[in-house]
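Novice: Heads up: the sequence shown is residues 14 to 118, going by this note's numbering.
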Amino acid sequence: MTRDIADVPAVEVITTVAVHLMSSAAVNLGLAEDGEQHKDLDEARKLIQALAGLITASATEISTFHAAPLRDGLKSLQLAFREASAVPDEPGEGPGEKYTGPVRG
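#1: Here's the rule I'm using: 16 or more other beta-carbon atoms within 10 Å means buried, otherwise exposed. How should V116 be labelled?
#2: At 4 residues or longer, what runs of the alpha helix (DSSP H) sit wholly inside the region 23–69?
#3: In chain order, what residues of the same chain lie with their CB nearer than 7 Å to the CB of G66, ignoring the 5 residues before and after it?
#4: With DSSP as the reference, label G109 as helix, strand or coil.
#5: In whole angstroms, give me the CA-to-CA distance for A97 and L83.
#6: Use the C-beta contact count for A38: other C-beta atoms within 10 angstroms, 16 or more gives buried, fewer gives exposed.
#7: Tell me whether the beta-carbon of H33 lies closer than 8 Å to the beta-carbon of G43.
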C-alpha cells in the first residue's frame, strides 16, 4: 500500500531526493556499469550543484546524523567530477563549491 505523502517525515523526503541526485550524478560521471556510455559532465555538474544546495540548505533541519553521510557522498562526487574533467575547474569553482567551499582530495 502506498503511504500518503503527508505521513512521510521531511527528513525522509530530503534524504531520498539527495540519494536520487547522487545516483544520477554518479551515472553521469560515468561511475555506473557501462559508465562511459552514460557519461555527461554537463548533466553531472547540474546535479551536483543541486545536491550541494539541498544539503547545505537542509543540514540544520535534518541533523548531523543524516547530513554527514550526504556531505561525504557530495564530496566524493565533487572529487570524481574534478578527476573526470579534461580541464578541471579552479578551486572553489567546481560544481557545488559555491555552497561547500573548495573541495580538495
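For every residue, glycine included, the Cβ atom is placed at its ideal position computed from N, Cα and C. From a predicted model like this one, the values you see are computed outputs, not experimental measurements.
Specialist: In short, the structure shows the following:
#1: buried
#2: 23–41, 48–51
#3: Y112
#4: coil
#5: 21 Å
#6: buried
#7: no
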